[in-house]
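Presented below is the structure to which this report refers.
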Ligand SMILES: [Zn+2]
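In full-length UniProt numbering, the protein residues as written are 1 to 608.
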């Protein structure tokens with residue numbers, strides 16, 4: 001929302017605002033270009049407006065063309081006021097030495113209105129008297145001197161008169177105006193004219209402000225842009241609003257409401273005074289031919305001259321403020337604890353980042369928050385791949401140790417695949433943690449007492465047992481099938497995904513479980529014939545979890561050209577029977593679902 005015509009672009013298009021640095025528009029020709037050293041105006045200019053110059057040739061004296069007439073009149077009166085012209089022995093203006101204030105006294109509308117005996121007393125401009133803040137820090141420093149802020153110079157600056165134009169500052173409920181002075185360095189050489197003594201500074205130049213003692217600089221009330229300024233209290237409110245989810249568009253609405261309310265209140269005072277009549281004797285006591293001046297609209301430059309900056313302007317000020325303090329924020333963030341963390345990707349912020357050839361530069365902002373909800377880290381990512389932010393996590397771990405914090409004990413994420421990455425980055429997450437099986441509360445599954453477990457080691461034992469299984473198949477009944485349970489184990493190397501040959505196979509048949517170490521056979525690529533016969537027979541159904549895979553491996557290790565058939569995949573069977581939603585369920589879950597028992601799979605035994 002932008003109320004005045006000028007605010008549509010950046011809020012700085014008011015020609016009454018001379019650019020920071022040197023007012024080349026009204027300075028003598030030879031002084032033009034002063035302050036051309038790098039950073040002359042940049043320090044107070046957000047959003048790259050330092051290069052922005054106003055029109056260079058104008059018919060009206062620049063700076064006063066669009067100032068509200070009430071401001072021009074009051075500004076001239078202020079400059080002529082003894083408060084500024086009369087100096088104490090310490091060269092302080094009376095405003096400082098006697099009134100001990102930076103603010104010029106501003107009459108309250110109440111006193112303007114209570115003496116209204118005549119229509120001419122009811123003068124609307126008297127109701128919106130601008131407020132002025134006079135900033136001349138030189139006599140206020142310890143030794144009464146200002147020093148040239150240009151690196152390597154440090155000469156004592158000379159007074160060079162009062163600035164020709166006031167500087168507008170947007171306050172919470174109204175505007176106010178800064179009156180400044182110009183200081184000249186006697187030593188610096190103007191890089192443009194190659195002349196000495198033409199480099200000048202405004203008293204509110206950020207470099208001057210930075211050189212002042214903090215106890216003085218803190219009383220400067222505004223943060224300035226190229227041509228305008230924002231009251232520090234409003235800036236603090238803006239920062240707080242942005243930090244609490246109120247955007248600059250909403251903030252402009254709030255600011256607009258406050259400014260308009262002030263204008264409307266003054267308008268109402270004016271109307272009430274007319275209604276009260278001369279000397280409070282009633283409206284009927286005004287002479288019949290009395291003409292009252294209209295109370296002009298809020299943004300009328302000839303009247304109240306109200307101004308609300310655009311949201312973009314506020315955003316730029318906010319951004320520049322944040323950028324100015326970026327290293328402080330980073331330092332603060334790096335020192336926060338992270339006992340409990342949370343990690344998430346946001347895709348909202350990246351939508352507001354400029355596109356390159358229509359392509360987003362980043363796809364996500366990965367944020368890490370701590371137990372207090374503070375952001376502990378935020379990283380722009382081009383994808384959600386772990387490689388994008390793993391270095392960031394490691395640097396968080398480093399900073400936690402550097403500042404004496406403990407590593408996180410707990411981490412929340414909406415993606416369980418982050419777990420290995422988080423454990424890698426923060427080893428504390430895996431310390432003293434025993435994974436809990438959700439089915440561990442069920443009765444432990446044990447092999448029934450009437451089932452025997454036999455180790456078949458010799459070739460003879462194997463062949464005999466396999467033959468006994470084959471013998472149960474009726475020769476004359478081709479449709480008869482028998483069922484065996486089948487599983488296989490491999491030697492594994494922790495941390496490696498490659499598998500060696502099958503080391504052990506287990507066959508469960510009727511009331512027997514046979515454990516067969518077959519590593520020595522598979523290593524030679526020759527499984528005993530009995531095993532091959534059982535595995536090849538399509539009439540012997542091999543039941544198991546991932547049994548198809550086991551058969552495939554065994555076939556590749558048995559003899560060239562072997563094909564093993566008859567696999568019955570337990571998980572698929574369970575899915576077909578609508579026991580489980582997906583065929584990826586593990587054996588222990590199947591046991592829990594079907595047998596209501598807990599199948600213990602002790603990792604230390606499985607990998608030993
Ligand atoms: Zn200098």
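Glycine included, each C-beta is placed from N, C-alpha and C at the ideal position.
CA-to-CA distance, residue j to residue i, given in whole angstroms
{"i": "residue 131", "j": "residue 105", "result": "8 angstroms"}
{"i": "residue 134", "j": "residue 176", "result": "11 angstroms"}
{"i": "residue 452", "j": "residue 486", "result": "16 angstroms"}
{"i": "residue 335", "j": "residue 408", "result": "14 angstroms"}
{"i": "residue 562", "j": "residue 369", "result": "57 angstroms"}
{"i": "residue 444", "j": "residue 600", "result": "7 angstroms"}
{"i": "residue 577", "j": "residue 481", "result": "21 angstroms"}
{"i": "residue 272", "j": "residue 184", "result": "50 angstroms"}
{"i": "residue 86", "j": "residue 93", "result": "6 angstroms"}
{"i": "residue 196", "j": "residue 159", "result": "15 angstroms"}
{"i": "residue 598", "j": "residue 568", "result": "22 angstroms"}
{"i": "residue 595", "j": "residue 490", "result": "27 angstroms"}
{"i": "residue 564", "j": "residue 553", "result": "10 angstroms"}
{"i": "residue 198", "j": "residue 149", "result": "15 angstroms"}
{"i": "residue 225", "j": "residue 91", "result": "30 angstroms"}
{"i": "residue 120", "j": "residue 99", "result": "31 angstroms"}
{"i": "residue 193", "j": "residue 187", "result": "14 angstroms"}
{"i": "residue 155", "j": "residue 145", "result": "10 angstroms"}
{"i": "residue 519", "j": "residue 504", "result": "7 angstroms"}
{"i": "residue 35", "j": "residue 206", "result": "The pLDDT assigned to residue 35 is 36, lower than 50, so where the model puts this residue is not dependable; a value taken from the coordinates is nonetheless given after this. Answer to the nearest angstrom: the Cα atoms are 13 angstroms apart."}
{"i": "residue 361", "j": "residue 312", "result": "22 angstroms"}
{"i": "residue 467", "j": "residue 478", "result": "18 angstroms"}
{"i": "residue 277", "j": "residue 251", "result": "40 angstroms"}
{"i": "residue 324", "j": "residue 82", "result": "39 angstroms"}
{"i": "residue 442", "j": "residue 592", "result": "7 angstroms"}
{"i": "residue 492", "j": "residue 389", "result": "31 angstroms"}
{"i": "residue 536", "j": "residue 475", "result": "16 angstroms"}
{"i": "residue 9", "j": "residue 301", "result": "Annotation note: pLDDT 34 at residue 9 (below 50); position unreliable, coordinate value reported separately. So the alpha carbons of these two residues sit roughly 17 angstroms apart."}
Nearest candidate by alpha-carbon position, reference residue i, set the options
{"i": "residue 238", "options": "320, 142, 536 and 468", "result": "320"}
{"i": "residue 514", "options": "303, 187 and 462", "result": "462"}
{"i": "residue 173", "options": "256, 269 and 524", "result": "256"}
{"i": "residue 678", "options": "412, 424, 570 and 450", "result": "Past the boundaries of the shown model lies residue 678; the chain is included only from 1 to 608, so the question cannot be answered."}
{"i": "residue 509", "options": "469, 477 and 111", "result": "469"}
{"i": "residue 338", "options": "403, 363 and 565", "result": "403"}
{"i": "residue 524", "options": "538, 543 and 560", "result": "560"}
{"i": "residue 546", "options": "537, 532 and 588", "result": "588"}
{"i": "residue 376", "options": "507, 333, 595 and 226", "result": "333"}
{"i": "residue 411", "options": "550, 398 and 426", "result": "426"}
{"i": "residue 615", "options": "484, 204 and 315", "result": "Residue 615 lies beyond the residue range present for the chain, which begins at 1 and ends at 608; the question has no answer from this structure."}
{"i": "residue 219", "options": "395, 136 and 84", "result": "136"}
{"i": "residue 359", "options": "350, 124 and 550", "result": "350"}
{"i": "residue 244", "options": "374, 171 and 165", "result": "374"}
{"i": "residue 165", "options": "318, 123, 74 and 500", "result": "74"}
{"i": "residue 126", "options": "269, 190, 526 and 253", "result": "269"}
{"i": "residue 531", "options": "590, 231 and 459", "result": "459"}
{"i": "residue 285", "options": "118, 534, 229 and 540", "result": "118"}
Outcome for residue i when other beta-carbon atoms lying within 10 angstroms are tallied against a minimum of 16
{"i": "residue 157", "result": "buried"}
{"i": "residue 298", "result": "buried"}
{"i": "residue 275", "result": "exposed"}
{"i": "residue 348", "result": "exposed"}
{"i": "residue 113", "result": "buried"}
{"i": "residue 557", "result": "buried"}
{"i": "residue 181", "result": "buried"}
{"i": "residue 78", "result": "buried"}
{"i": "residue 372", "result": "exposed"}
{"i": "residue 202", "result": "buried"}
{"i": "residue 394", "result": "exposed"}
{"i": "residue 138", "result": "buried"}
{"i": "residue 471", "result": "exposed"}
{"i": "residue 38", "result": "Reliability of the predicted coordinates at residue 38 is poor, the pLDDT of 29 falling under 50, and the value obtained from them is presented with this limitation in mind. Result: exposed."}
{"i": "residue 33", "result": "Only weak support exists for where residue 33 lies, its pLDDT of 29 falling under 50; the coordinates are left without a value."}
{"i": "residue 107", "result": "exposed"}
{"i": "residue 418", "result": "buried"}
{"i": "residue 415", "result": "exposed"}
Distance between beta carbons of residue j and residue i, contact taken as under 8 angstroms
{"i": "residue 528", "j": "residue 457", "result": "Going by Cβ atoms, the distance from residue 528 to residue 457 rounds to 12 angstroms, so no, they are not a contact pair."}
{"i": "residue 345", "j": "residue 384", "result": "6 angstroms"}
{"i": "residue 488", "j": "residue 465", "result": "Their Cβ separation, rounded to whole angstroms, is 16 angstroms, which puts residue 488 and residue 465 out of contact at 8 angstroms."}
{"i": "residue 365", "j": "residue 378", "result": "6 angstroms"}
{"i": "residue 570", "j": "residue 590", "result": "6 angstroms"}
Could you name the residues, in chain order, whose CB is less than 7 angstroms away from a heavy atom belonging to ligand 1? Chain-ordered list of matching residues: 148, 150, 153, 155, 185, 187, 188 and 199.
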